[in-house]
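Numbering (the numbering used here), first residue to last: 21 to 644. A quick write-up on the structure given underneath.
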Ligand SMILES: Cc1cc2nc3c(=O)[nH]c(=O)nc-3n(C[C@H](O)[C@H](O)[C@H](O)COP(=O)(O)OP(=O)(O)OC[C@H]3O[C@@H](n4cnc5c(N)ncnc54)[C@H](O)[C@@H]3O)c2cc1C
């Protein structure tokens, strides 16, 4: 059997696998990326791409212009609307992208959360991966299994087109193979959490629905109807959207949703029986809140949906996966290059799992809280399975199709007629109900605005020195972020001054596999010398330096001490993933041994003797 050898094998060319490959390549690490599908996805799943993911994407060269080119028009993406069907008027509407909200992001990031269809983002990522010689991508190649050892894994990979199976010997195996993760299953790593929160049929379709939504353009429409309940994601009102409708496995299965029935449901949800449309694909999925325990075994690591799967109510799945890859890539690169001890890799799960747990908890809460809108309208979601039970009953199945439809119309007509009266505020009583529906909708803001979750997590692990320090808390940690220089926190965002083309924000100073020693006050000027000496002592670990007093935009300079517990001096060591590893805020000079000690603790290598190592020498042997 043919055999290949690669340092890293990545299974799954979804967004997280592709990002992982690009990040590793940028740090000099070669990988082979195998994907069982023969091409990129044609239909979207995710649409919310948050500020942090955009910062990470910028680090691999995805420009703001490239993202703007695939972003759903912001005027549409600003709103979420509840209707009985798309042809009826609004029951409730909320503004999730107001100018005020977007402006509130400005102090925290140069990026703005945007609605970007996942399949378009995947195309951008594929372009990035393709232009890196260190990434080799093979579509139509399915990972089949592996033998694991202390040195890595020998995987069997099948070329789906030819049927040939070959072996890939890799030092490291990355499972980016999605929620079903064959790699995770093969290792027997359990998923822990809540199962079967909902079962959904996804209908991807092409249609021009602008005339239906023009009064209330929105990225999401919740359809509150007994006949066709569900959610529209309007990726492009002129061309294609997605509708998701629940099914109830006690009484029905995905096989009960053939294309003609899906089209009937879709048309009922659209409220337009004659609209030209084409269903491009149907799929079914189960909403879970599952997190792998643990995130790694031996030399195999889980990233993205392979490690966690939560309800899409929050738009956090892909975003969490992108930050997983960002966290793991620099650690793996350091270990492979012999710059770090293998223990650094244990901090991947220690840091990322708590983030997934929080995001999962919030996503589940969002899913449940959405019922408040339905309840305010006076509909009982618990009755939806009853409709499925009736449909599945022997007498109903015995009825001719036309009669069955007539019975269904008879059952849902009173509900729909009442909903219409609420929408039209037909009486003061119905107007009151409509106000309550609007209030319940407005209470859903944490579902859609998650700046605090996106940017506010603070890592505590062996890769953070002084990680016990309490970080300031935002009053609402989902909606707001409290930036600080606390070890473990993401480097705060601040603007830099300088010539056009030079780094524009603090996050342009980090990444690309290097540490950053940044200081202000009495420590600012000393950073350059300390960074150079530390780098030399550690055999060339890249440590850049910056005097923040010299480069920070004058308007943002007061923030530095505000983020530093009000103290005027600080030196901080920032990891390649933009999280602060160590802070020295004392009014005594930071010494080389302090910086070296911090770097060695993070990298889990012994502190070198004070004799400088010859240039190019390495303090620890590469892990083979
Ligand atoms: C309706 C919906 C809306 C969503 N909205 C959002 C949102 O707005 N924001 C957000 O952040 N997230 C959202 N998500 C979640 C997001 O889509 C996922 O989190 C994301 O796709 C995970 O990316 P991934 O690369 O980890 O896995 P995947 O995208 O699942 O990719 C895994 C890849 O591995 C491949 N693979 C599997 N087995 C093998 C094998 N044996 N060999 C080779 N390849 C294999 C698969 O073919 C697949 O291409 C949403 C999800 C849904 C269902």
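For each residue, glycine too, the CB sits at the ideal point set by N, CA and C.
When burial is assigned at 16 or more other CB atoms within 10 Å of the CB, is residue 234 buried or exposed? Its Cβ having fewer than 16 others within 10 Å, residue 234 is exposed.
Roughly how far, in whole angstroms, is the beta-carbon of residue 158 from the beta-carbon of residue 326, given that I think they are within contact range, below 8 angstroms? Rounded, the Cβ-Cβ distance is 18 angstroms, inconsistent with contact.
Given a threshold of 16 other Cβ atoms within 10 Å of its Cβ, counted over all protein chains shown, does residue 509 qualify as buried or as exposed? buried
Residue 57 Cβ short of 8 angstroms to ligand 1 heavy atom set: yes
Need the endpoints of the beta strand (DSSP E) that residue 260 sits in, please. 260–266
Per DSSP, which one or two residues make a beta bridge with residue 161? 179
Could you pull out every residue in the same chain whose Cβ sits closer than 6 angstroms to the Cβ of residue 504, ignoring the five residues on either side in sequence? 491, 492, 583
Taking its Cβ as the centre, do 16 or more other Cβ atoms sit within 10 Å of residue 372, making it buried, or is it exposed? Burial call: buried.
Check for me: the alpha helix (DSSP H) holding residue 704 runs from which residue to which? Summary: the structure shown does not reach residue 704, with the chain confined to residues 21 through 644, and so no result is reported for it.
Between residue 266 and residue 404, which are expected to be in contact by the criterion C-beta below 8 angstroms, what is the C-beta distance as a whole number of angstroms? 7 angstroms
What residue does the alpha helix (DSSP H) around residue 577 start on, and which one ends it? For residue 577, the uninterrupted alpha helix (DSSP H) segment begins and ends at 577–582.
If you draw a straight line from the alpha carbon of residue 574 to that of residue 580, how long is it in whole angstroms? 11 angstroms
For residue 150, three-class secondary structure by DSSP: helix
With DSSP as the reference, label residue 627 as helix, strand or coil. coil
Close beta carbons around residue 225, own chain, < 8 angstroms, minus the five adjacent residues each side: Setting aside the 5 residues that flank it on each side, residue 225 is surrounded in the same chain by 260, 261, 262, 263, 286, 297, 298, 299, 300, each with a C-beta closer than 8 angstroms to its C-beta; the list follows chain order.
Beta-carbon contacts of residue 74 that lie in its chain and below 7 angstroms, excluding the five residues immediately before and after: 87, 131
Just the Cα atoms here: how many angstroms apart are residue 442 and residue 497? 35 angstroms
So, at 8 angstroms on beta carbons, what are the nonlocal neighbours of residue 644 in its own chain, with the 5 sequence-adjacent residues on each side left out? Residue confidence is low: residue 644 scores 31 on pLDDT, short of 50, so the model does not pin down where it sits. Its coordinate-derived value is still stated next. Answer for residue 644: 171, 191, listed in chain order.
Any heavy atom of ligand 1 within a distance shorter than 8 angstroms of the CB on residue 16? Only positions 21 to 644 of the chain appear in the structure, and residue 16 is not among them; the question remains open.
What do you reckon, is the C-beta of residue 201 under 8 angstroms from a heavy atom of ligand 1? At least one heavy atom of ligand 1 is nearer than 8 angstroms to the Cβ of residue 201, so yes.
Taking just the CA atoms, how far does residue 620 sit from residue 587? 26 angstroms
Please classify residue 402 as buried or exposed, where buried requires at least 16 other C-beta atoms within 10 Å of its C-beta. exposed
Whose C-alpha, out of 484, 514, 472, is nearest the C-alpha of residue 506? Ranking the options by Cα distance to residue 506, first place goes to 484.
Ligand 1 and residue 532: does any heavy atom of the ligand fall closer than 8 angstroms to the residue's C-beta? Because no heavy atom of ligand 1 lies under 8 angstroms away, the Cβ of residue 532 does not count as near it: no.
For ligand 1, is there any heavy atom lying closer than 8 angstroms to the beta carbon of residue 161? yes
Specify whether the stretch 118–128 and the stretch 271–286 touch according to this definition: at least 3 beta carbon pairs, one from each stretch, less than 8 angstroms apart. no
Compare the beta carbon distance of residue 291 and residue 106 with 9 angstroms and say whether it is the shorter of the two. yes
Any chance the CB of residue 218 is under 8 angstroms from a heavy atom of ligand 1? Every heavy atom of ligand 1 is 8 angstroms or more from the Cβ of residue 218, so no.
Within the stretch 50–111, ranges of the alpha helix (DSSP H) (whole runs, at least 4 residues): Counting only runs of 4 or more, we get 71–79, 84–88, 94–97.
Would you check if the distance between the CB atom of residue 471 and the CB atom of residue 501 is smaller than 9 angstroms? yes
Quick one, are the C-beta atoms of residue 549 and residue 566 less than 9 angstroms apart? no
How would you call residue 22, buried or exposed, if buried means at least 16 neighbouring beta carbons within 10 angstroms? exposed
By the three-class DSSP mapping on this structure, what secondary structure does residue 253 have? strand
Can you tell me whether residue 439 is buried or exposed? The criterion is at least 16 other CB atoms within 10 Å of its CB, across all chains shown. buried
Classify residue 589: buried if its beta carbon has 16 or more other beta carbons within 10 angstroms, exposed otherwise. buried
Residues bridged to residue 135 by DSSP? Looking at the DSSP assignment, residue 135 forms a beta bridge with 68.
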